[in-house]
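Undergrad:
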Amino acid sequence: MPRQGQCCAHCHPVTQEAPLEVQTESAGTCLYKVSVRVPAPRVNQEIEEVLRAAGRRVRLPGFRPGKVPLGVLRRVLGPGIQDELREHFFQHVVGDAVRQAGLEALRVLDLKTEGVELEENQPAAFDFEVETSPKIELPPWDELNLEGRPTDAKPEQVDTAMAQLSREHARFEDAPGQALDEQHLAVCDLSYRRGEETVPGAEGVRLGLGSPLYGSEPARFAEILRGARAGEEKVVPVQFLEGFSQESWVGGAGEALLALRQIVKPRPATPAEIAADLQVEDAALLQQKIAEQIGRENELRERDRLVYELLEQLGRMRPFDLPQRLLQDEVDATLRSHAERLEKQGGLPAEEARKKAEEAREQILEDARRRLRHFFLVRRVAAVERIEVSDADLQRAFRALGDRHQVAPDAVQAYYAEQGMTGRLRSDILESKVRSRLGQIALARSTAQPAPAR
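With the sequence shown counted from 1, adding 88 to any position gets you this note's numbering.
#1: Can you name, in chain order, every residue of its own chain whose Cβ lies under 6 Å from the Cβ of residue 526, other than the five neighbours on each side?
#2: Classify residue 254 as helix, strand or coil using the three-state DSSP reduction.
#3: In or out: residue 180 buried (at least 16 other Cβ within 10 Å) or exposed?
#4: Inspect the CB distances between the stretch 225-236 and the stretch 397-414 and report whether three or more fall short of 8 Å.
#5: For residue 503, which of helix, strand or coil comes out of DSSP?
#6: Please report the distance separating the alpha-carbon of residue 274 from that of residue 251.
#7: Quick check on residue 425: buried or exposed, where buried means 16 or more other Cβ atoms within 10 Å of its Cβ?
#8: Looking at residue 259 and residue 361, is the spacing between their C-beta atoms short of 8 Å?
#9: Measuring CA to CA, which of 189, 136, 187 and 197 is closest to residue 174?
#10: Span of the alpha helix (DSSP H) holding residue 206?
#11: If you reduce the DSSP assignment to three classes, tell me which class residue 351 lands in.
#12: Pick out whichever of 221, 420 and 529 has its Cα sitting closest to the Cα of residue 190.
#13: Can you give the Cα-Cα distance for residue 385 and residue 391, rounded to whole angstroms?
#14: Is there at least one non-hydrogen atom of the ligand SAH closer than 7 Å to the beta-carbon of residue 456?
#15: Just to confirm, are residue 382 and residue 485 a CB contact at a threshold of 8 Å?
#16: Where residue 314 and residue 267 are concerned, what is the direct C-alpha to C-alpha distance, given to the nearest angstrom?
#17: According to DSSP, is residue 527 helix, strand or coil?
#18: To the nearest angstrom, report how far apart residue 243 and residue 528 are at their CA atoms.
#19: Taking DSSP's pairing of strands, which residues face residue 443 in a bridge?
#20: Does residue 375 pass the burial test, meaning 16 or more other C-beta atoms within 10 Å, or should it be called exposed?
#21: Could you tell me the distance, in whole angstroms, from the CA atom of residue 523 to the CA atom of residue 506?
#22: What is the residue span of the alpha helix (DSSP H) that residue 211 lies within?
#23: At which residues does the alpha helix (DSSP H) containing residue 126 begin and terminate?
#24: I want to see whether chain D comes within less than 8 Å of residue 254, judged by CB atoms only; does it?
#25: Given a threshold of 16 other Cβ atoms within 10 Å of its Cβ, counted over all protein chains shown, does residue 388 qualify as buried or as exposed?
#26: What residue range does the beta strand (DSSP E) around residue 321 cover?
#27: Grab me the residues of residue 544's own chain with a C-beta within less than 8 Å of its C-beta, minus the 5 sequence neighbours each way, in chain order.
#28: Have a look at 297, 257, 437 and 295 and flag the residue whose alpha-carbon is nearest the alpha-carbon of residue 359.
#29: Can you tell me which of the three DSSP states residue 371 falls into?
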């Protein structure tokens, strides 16, 4: 039978020869109570479908597979088929009832099946609740009024990018006779020793007092190396942790042997040096290219901001009610997750973590409202703009995922199907396509151009 919180999108069409009797009654915001009476012919049909499916699996002497008469199957299978029958029956009938009622269901809730007997030539009746998508009316695009912002790179953005590149392309100048301190680095040849066994590490490694070796104790590392000079050798105790090149040593203890070749002082690279490293003609052209790249990044951020503002404006112009039980579930799940993080990462006792998380309830509630509001608006825009996810879209996504993880697309597709993740991927693709369309609309409305036609 359908699990609580799920609807049956894959169910077969309503059977016209034995139509269901469906009554709906509002039970709250985006919530309906559905009462279903299933006539005896429809019950018989569902029982026969289950028996025929089971017959294809049953092997009985004297009968070919799939050719066992229904009467024989009834006697052979008996009560043992009841669980499969109930699963099949409620899965199909609930989906048909939802469609017959014309409800845009999000999930089935409170499906009451206890006491419902499924017997041949007998009707059946049961109740359940359905949470539905909100009814949303979108305004014409030309009623939107969005204010765009400049996307050209600002001088301070270029300066920040240049400063970062200067650090990344730093030069290291020899400091003869200098003792190692916080302003200098040691250029070392590194090896490791455990007992009588030694393995090479790396040559020309630059180490500072504030950048201890992996597996060493930071304070002890700094104490041993402080004041060291070129030509000296130092021994640092280490633990061989996960990822160490000598796998058989992992979990044990030993020493790092450091032969100091040179003490150097780092300095930021000049624009000309950065340009040379990046094979750019000169510093002026480098800054121009950086400004262009920043401008492109600004455009993407501005597009995202405009889409966000567009969704917010749609919600204000045509307010709609959210499914309250779904909203409450979102809030409760976020509170639980927040409390778990406080407990695990913050070291708080469980009850204290729960109370601390509860202090953020109002903000969590507001964030959940916004997420759900945007979620339903995006789906409504998809319907109005006739945006769909095609099989080709899915195949492109599987290929991209395969390329990223160096896996064959067919293997990715099979994994997603096995894990029940294809629907989520389809939803993500739809979200991306709708947001791309909203970006076009937002840019048009923010520059006072005619809105793209629907």
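Ideal placement from N, C-alpha and C gives every residue a C-beta, glycine not left out.
TA: Reading from the atomic positions:
#1: Around residue 526: 395 and 398.
#2: Residue 254 falls in the helix class under three-state DSSP.
#3: Buried is the label assigned to residue 180, since at least 16 other Cβ atoms lie within 10 Å of its Cβ.
#4: These segments touch.
#5: The three-state secondary structure of residue 503, taken from DSSP, is helix.
#6: Note on geometry: alpha-carbon atoms of residue 274 and residue 251 lie some 24 Å from one another.
#7: Flag for residue 425 reads exposed.
#8: At the C-beta level, residue 361 and residue 259 come within 8 Å of one another.
#9: Of the listed residues, the one whose Cα sits closest to residue 174 is 136.
#10: Careful: residue 206 lies outside any alpha helix (DSSP H) and carries neither H nor E.
#11: DSSP places residue 351 in strand when its eight states are reduced to three.
#12: With distances taken between CA atoms, residue 190 lies nearest to 221 out of 221, 420 and 529.
#13: Each residue's Cα considered, the two are about 10 Å apart.
#14: Among the components modelled here there is no ligand, and therefore nothing to report on the ligand SAH.
#15: The criterion of a C-beta distance shorter than 8 Å is not satisfied by residue 382 and residue 485.
#16: Distance from the CA of residue 314 to the CA of residue 267, rounded to the nearest whole angstrom, comes to 8 Å.
#17: Helix, per DSSP.
#18: Those two C-alpha atoms are separated by around 28 Å.
#19: DSSP, once it has assigned bridges, lists no residue as partnering residue 443.
#20: So residue 375 counts as buried.
#21: Between the alpha carbons of residue 523 and residue 506 lies a gap of roughly 28 Å.
#22: Residue 211 -> no alpha helix (DSSP H), and no H or E assigned at all.
#23: For residue 126, there is no enclosing alpha helix (DSSP H); the residue is part of the beta strand (DSSP E) that begins and ends at 119-126.
#24: Among the chains of the structure shown, chain D does not appear; only one protein chain is present.
#25: Burial call: exposed.
#26: Counting along the chain, residue 321 sits inside the beta strand (DSSP E) bounded by residues 321-327.
#27: The chain is shown from 89 up to 542; residue 544 falls before or after that span and cannot be answered.
#28: When each option's Cα is compared against that of residue 359, the closest is 257.
#29: Residue state, collapsed to three classes: helix.
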